[in-house]
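Heads up, the thing below is written out as structure tokens.
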Amino acid sequence: MQPLIKDVIPIDTAPGQPLLYRIKEHPFDWLPIQISYKASPVLDKPSKIVYKVFGIPLLNPNITYILSPITANKTEVFFKLKISGLPLATSFLAYKMLAAQDQIFLIIND
Numbered sequence: 002m003q004p005l006i007k008d009v010i011p012i013d014t015a016p017g018q019p020l021l022y023r024i025k026e027h028p029f030d031w032l033p034i035q036i037s038y039k040a041s042p043v044l045d046k047p048s049k050i051v052y053k054v055f056g057i058p059l060l061n062p063n064i065t066y067i068l069s070p071i072t073a074n075k076t077e078v079f080f081k082l083k084i085s086g087l088p089l090a091t092s093f094l095a096y097k098m099l100a101a102q103d104q105i106f107l108i109i110n111d
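Numbered as in my numbering, the sequence shown ends at 111 without a single skipped number.
Okay, here's the thing in structure tokens:
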């Protein structure tokens, strides 16, 4: 799980509707608050997953993972982050999300 995320809770959706999850995150070690938002993973292609994120004030992020098999035991992961919203807020969120993603990739590569 992404290092900032503390809990992922499935939200009931109607049949045929995309999956939806409530995400609880502790964005700062030095600040004792959690934030909550919703995310919907969409399998765009068998090797492409897009996470649409809702409920972050003034921001609209989308996260894309593209998986490319290299060998039977090795897969290359491409990570794309697109954020629209207030410029300063988008820069700060991008920094936090990319730093957390780097931690995940370091753990995977070990």
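For each residue, glycine too, the CB sits at the ideal point set by N, CA and C.
If you follow the beta strand (DSSP E) that residue i is part of, which residue opens it and which one closes it?
i, result
"Leu15", "Correcting the residue type first, residue 15 is Ala in the shown sequence and not Leu. Looking at the DSSP string, Ala15 is not in any beta strand (DSSP E), and its letter there is neither H nor E."
"Asp45", "36-46"
Are residue i and residue j close, meaning C-beta to C-beta below 8 Å?
i, j, result
"Lys53", "Ser41", "yes"
"Ala95", "Ile105", "no"
"Pro62", "Leu44", "no"
"Ala101", "Leu59", "no"
"Gln35", "His27", "yes"
"Phe79", "Ser69", "yes"
"Lys49", "Ile67", "yes"
"Leu21", "Lys39", "yes"
Take the Cβ of residue i as the centre, count every other Cβ of all protein chains shown within 10 Å, and call the residue buried at 16 or more, exposed below.
i, result
"Leu32", "exposed"
"Ile108", "exposed"
"Leu5", "buried"
"Ile64", "buried"
"Ile24", "buried"
Ends of the alpha helix (DSSP H) at residue i?
i, result
"Phe106", "88-110"
Which of the three DSSP states is assigned to residue i in this structure?
i, result
"Ile57", "coil"
"Leu5", "coil"
"Leu32", "coil"
"Asn63", "strand"
With a cut-off of 8 Å, does the C-beta of residue i fall near any C-beta of chain B?
i, result
"Gln35", "The structure shown contains no chain B, having only a single protein chain."
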